[in-house]
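Numbering (this note's numbering), first residue to last: 1026 to 1188.
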């Protein structure tokens, strides 16, 4: 597999694999290619998104991708590379491509002076847990991951309080 960083105009090339990823995570969702294309072009690929997209190619097609960003501050004047998404197309799983993507991401993190590489995973996905453990990754249990969903985000942003 050949792995490269996507350029700003390559968003259309990733519509199919991003759509596959959406169907994987949300099997009941209806994914429209036009909406996915607009999302990638307007939100994911612009420089202001702070996201780097890496694609893995095999036999002339994109079979994997990863989206990463670098977060600051981090101790020792470094950065923390965060993987928002790592996805390998269904027909290519368990063939070493995920490991290759993670190795590429680790190299990029070192090139960018990051002292940490972090990501989230679904606890109940035993295959993912085994894969990440095989890389030497540890589960960070001393922090809590918090989220405001759309309703509470809007509420906080407007200053309103739910009774």
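Glycine residues also receive a C-beta, built at the ideal position from the N, C-alpha and C atoms.
Predicted model only: the values in this text are computed from it and were never measured.
Going by beta carbons, residue 1129 and residue 1028 fall inside the 8 Å limit.
Residue 1044 is not bridged by DSSP to any residue. Taken through DSSP and simplified to helix, strand or coil, residue 1026 comes out as coil. Beyond the five residues adjoining it in sequence on each side, residue 1106 comes within less than 6 Å, by CB distance, of 1093, 1095, 1134, 1139, 1142 in the same chain, given in chain order. For residue 1122, the enclosing alpha helix (DSSP H) begins and ends at 1122 to 1136. Within its own chain, the residues whose Cβ lies closer than 6 Å to the Cβ of residue 1044, once the five positions on either side in sequence are excluded, are 1056, 1061, listed in chain order.
Close CB contacts of residue 1039 within its chain, under the 8 Å cut and outside five residues either way in sequence, are with 1031, 1065, 1078, 1080, 1087, 1090 (chain order). Taking 8 Å as the cut-off, the Cβ atoms of residue 1160 and residue 1127 count as close. Following the DSSP letters along the chain, one finds residue 1090 inside the beta strand (DSSP E) bounded by residues 1086 to 1099.
Around the beta carbon of residue 1155, fewer than 16 other beta carbons sit within 10 angstroms, so the residue counts as exposed. DSSP places residue 1079 in the uninterrupted beta strand (DSSP E) bounded by 1077 to 1083. A Cβ-Cβ distance of about 25 Å is found for the pair residue 1104 and residue 1113, leaving them out of contact under the 8 Å criterion.
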